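Written out below as structure tokens is the structure these notes cover.
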């Protein structure tokens, strides 16, 4: 299937893409090819007896399914194995645990450090699933060249860890290095004014400071300590190494060569890939003449018969899992966004569907728009009045991501989930000095005192800032009330733990922001119990992605048409125009991500649209 797509698009892309853009005949031809490609069928993967499940650790594990643009890119490149949903991974590992044909799992860490964006909370759930496989008697072998903390966090669960003789391991702890732009903005004449509530709301600091504030430094240090402490405890338990010894390795060695990694008991063997293959051939009883061992990739294994828990259960009772992954925005949102209106309509439909007995809101979002968050939160509350709504927090559920969780029946988080950030701010830029230095000036004519408050031509006056501050204060007070009511906490206590501060999942449980430590599976089990379903239920996931054909046609699937009320689909070309300032924002976001690998400091807070 993959080769067919790759060859078809590689040979015809140049001519057909031009026809697609400029003439209707070309469009019809390309769409016909897409239909044929998406509809073609092959025999599918086959699981041989005594096979090993191959898990490529460079795979990016996300909550939701790939976006339409990613599906098309993967089809064109033939690379469709680098992203997979968390539910698919957990379901495949659970099935492998019970599958007598699967005798082991091979964790391939040969290029694991490339493209890894999966967060620690997601890895925690995957690791727990691997532990269950090992407890069921499945032999787990890990092999790699270079390991970082994330890759080793998964690999440490293995029965046998093998490192290449020229390989190594980076065990040097966790860090975050926020980048500050205040000096550059001042140099180029860009003015920045901030209105905020919460002394820990550190996302504004890069634009007004040259280093971390004491409050932000303290909260970041505590959060990193929690995540690092969980890493040491978990890895240490598997490798029978005390957390203090792992700390000593991080403090004194940091980068370990293969023999050093073995001497410190971080790996079991130093060897080459062919030696690992020989061991796996022995595990699978493969003939010496066989080129390799009997194997099936995790993604292919997820596609074999009986792949879906829903199909296996075949029940009328539904537990809906809604994946809110990405920044919360107003309206429908694009791929990778949590559109307020789009998700509100999903919840309305689920509330009215009598077959849906419970809803799980899986949140992996740093926040975003206040109004978008409020639209979703309102529908979550109304849905909760009719059926249980359970929240499962992924890697991050902060700011607006926590706002939409407040009215749920139960909140689950992993110990290394990033949550909280109950605070609000607005950022106001002006380009007066930059423009004046380059000969650009403005003048104004207005009918009221504050008619030109949205201008970028000048800084805001104290009176104008007071108006914005009142708005921020009102939203912050609303946020506090929502948390107090939803979590059944005194408002004063919420005010003490708010202030824009972020917490780990473990810390959040202690202060009452989270109910239970657990992942998506734990939330599903609780939902089934809360709805009195026993084992008579099946899962349904939203938003439904559809296949390549559905995604390409206007990026609207059957589910989208049902939820959004879209009857006709039109292809719409993306707007090629983007302002230089927007490009600069994107570049800064990339730099910020590079300097903040944990995603702790440079989060996206509420967007008040104060410009």
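Numbering (the numbering used here), first residue to last: 1033 to 1643. Each residue gets a CB set at the ideal place from its N, CA and C atoms; glycine is no exception. All values reported here derive from a predicted model rather than from experimental measurement.
(Q) Between which residues of its own chain and residue 1133 is the CB-CB distance below 8 Å, once the five residues before and five after are set aside? (A) Within the same chain, and ignoring the five residues on either side of residue 1133 in sequence, the residues whose Cβ sits closer than 8 Å to its Cβ are 1079, 1080, 1081, 1082, 1083.
Q: Say whether the region 1564–1574 touches the region 1485–1505, bearing in mind that this needs 3 or more beta-carbon pairs closer than 8 Å, one atom from each stretch.
A: In short, these stretches do not touch, since the Cβ pair count stays below three.
**Q.** Cβ-based burial, residue 1227 [other Cβ within 10 Å; buried from 16]
**A.** Residue 1227 comes out buried.
Q.
Tell me which residues share the same chain as residue 1263 and place their Cβ nearer than 7 Å to its Cβ, disregarding the 5 neighbours each side in the sequence.
A. Closer than 7 Å at Cβ, skipping near neighbours: 1181, 1185.
Q: Determine the extent of the alpha helix (DSSP H) in which residue 1513 is found, giving its start and end residues.
A: For residue 1513, the enclosing alpha helix (DSSP H) starts and ends at 1494–1519.
(Q) For residue 1286 and residue 1172, which I take to be in contact (beta-carbon distance under 8 Å), what is that distance rounded to the nearest angstrom? (A) Their Cβ separation, rounded to whole angstroms, is 27 Å, which puts residue 1286 and residue 1172 out of contact at 8 Å.
Q. Looking at the structure shown, is residue 1202 part of a helix, part of a strand, or coil, going by DSSP?
A. Residue state, collapsed to three classes: strand.
Q: Write down the C-beta distance between residue 1212 and residue 1532 rounded to the nearest angstrom, noting that I regard them as a contact closer than 8 Å.
A: Not a contact, Cβ separation roughly 18 Å.
Q | Coil, strand or helix - residue 1184 by DSSP | A | The answer is helix: DSSP assigns residue 1184 an H, G or I state.
**Q.** C-beta neighbour in chain C for residue 1325, strict 7 Å
**A.** The chain inventory of the structure shown lacks chain C, comprising one protein chain alone.
(Q) Beta-carbon within less than 6 Å of residue 1348's beta-carbon, same chain only, minus the 5 sequence neighbours each way: which residues are those? (A) Same-chain partners within the cutoff: 1387.
Q: Would you check if there are 3 or more beta carbon pairs closer than 8 Å linking the region 1251–1263 to the region 1536–1544?
A: Touching, yes.
(Q) Tell me which residues share the same chain as residue 1240 and place their Cβ nearer than 7 Å to its Cβ, disregarding the 5 neighbours each side in the sequence. (A) Once the five neighbours on either side are set aside, the close Cβ partners of residue 1240 are 1214, 1224, 1226.
Q | Sequence ranges, alpha helix (DSSP H) only - wholly within the region 1343–1412, length at least 4 | A | If we require 4 residues or more, the alpha helix (DSSP H) runs fully inside the region 1343–1412 come out as 1372–1384.
Q: Please name the residue in 1201, 1198, 1390, 1137 whose C-alpha comes closest to that of residue 1087.
A: In terms of Cα proximity to residue 1087, the closest of 1201, 1198, 1390, 1137 is 1137.
Q) Helix or strand or just coil, what does DSSP make of residue 1325? A) In the structure shown, residue 1325 sits in coil (DSSP, three-state: anything other than H, G, I, E or B).
Q) Straight-line CA distance for residue 1156 to residue 1495? A) Residue 1156 and residue 1495: Cα-Cα distance of roughly 49 Å.
Q: Would you grab the beta carbon distance between residue 1534 and residue 1457 for me? Rounded to a whole angstrom, and I think it's under 8 Å.
A: With 8 Å as the limit, residue 1534 and residue 1457 do not qualify as a contact, their Cβ atoms being about 14 Å apart.
Q: Quick one: grab the DSSP three-state call for residue 1453.
A: Residue 1453: coil per DSSP, three-state reduction.
Q | First through last residue of the beta strand (DSSP E) which encompasses residue 1263 | A | Under the DSSP assignment, residue 1263 falls outside any beta strand (DSSP E), being part of the alpha helix (DSSP H) whose first and last residues are 1246–1271.
Q. In chain order, what residues of the same chain have a beta carbon less than 8 Å from the beta carbon of residue 1429, not counting five sequence neighbours either side?
A. A distance below 8 Å between beta-carbons, with the five flanking residues on each side excluded, links residue 1429 to the following residues of its chain, in chain order: 1395, 1396, 1397, 1423, 1437, 1445, 1449, 1450, 1451.
Q. What distance in whole Å lies between the Cβ atoms of residue 1418 and residue 1383, which are believed to be in contact at a cut-off of 8 Å?
A. Between residue 1418 and residue 1383 the Cβ distance is about 6 Å, and since that is below 8 Å, they are a contact.
Q.
Please classify residue 1519 as buried or exposed, where buried requires at least 16 other C-beta atoms within 10 Å of its C-beta.
A. That one is buried.
(Q) Between which residues of its own chain and residue 1441 is the CB-CB distance below 7 Å, once the five residues before and five after are set aside? (A) Closer than 7 Å at Cβ, skipping near neighbours: 1416, 1420, 1421, 1422, 1562.
Q | alpha helix (DSSP H) segment containing residue 1568, residue limits | A | It is not in any alpha helix (DSSP H) - residue 1568 carries neither H nor E in the DSSP assignment.
Q: Would you check if the distance between the CB atom of residue 1125 and the CB atom of residue 1161 is smaller than 7 Å?
A: Yes, these two residues count as a Cβ contact at 7 Å.
Q) What does DSSP give as the partner residues of residue 1425 in its beta bridges? A) Residue 1425 is bridged by DSSP to 1395.
Q.
What does the Cβ neighbour count give for residue 1480, buried or exposed, with the cut at 16 atoms within 10 Å?
A. Residue 1480 should be labelled exposed.
Q | Euclidean distance between Cα positions of residue 1514 and residue 1498 | A | Note on geometry: alpha-carbon atoms of residue 1514 and residue 1498 lie some 24 Å from one another.
Q | residue 1297 versus residue 1128 - alpha carbon distance | A | Within the model, the alpha-carbon separation for residue 1297 versus residue 1128 is close to 28 Å.
Q) To the nearest angstrom, how far is it from the Cα of residue 1120 to the Cα of residue 1575? A) Cα to Cα, the separation comes out at about 15 Å.
Q. When DSSP labels each residue in this structure, what does residue 1139 get in the three-state scheme?
A. The DSSP-derived three-state label of residue 1139 is strand.
Q: Quick one: give me the first and last residue of the alpha helix (DSSP H) that residue 1526 is part of.
A: Per DSSP, residue 1526 belongs to the alpha helix (DSSP H) from 1523–1529.
Q.
Is the separation between the beta-carbon of residue 1189 and that of residue 1159 shorter than 7 Å?
A. Here residue 1189 is near residue 1159, since their CB atoms are less than 7 Å apart.
Q) Where does residue 1555 land, buried or exposed, given buried means 16+ other C-beta within 10 angstroms? A) By the neighbour-count criterion, in which 16 or more other beta carbons inside 10 Å mark a residue as buried, residue 1555 falls on the buried side.
Q.
Can you look up residue 1239 in the DSSP assignment and give me helix, strand or coil?
A. Reduced to three states, the DSSP call for residue 1239 is helix.
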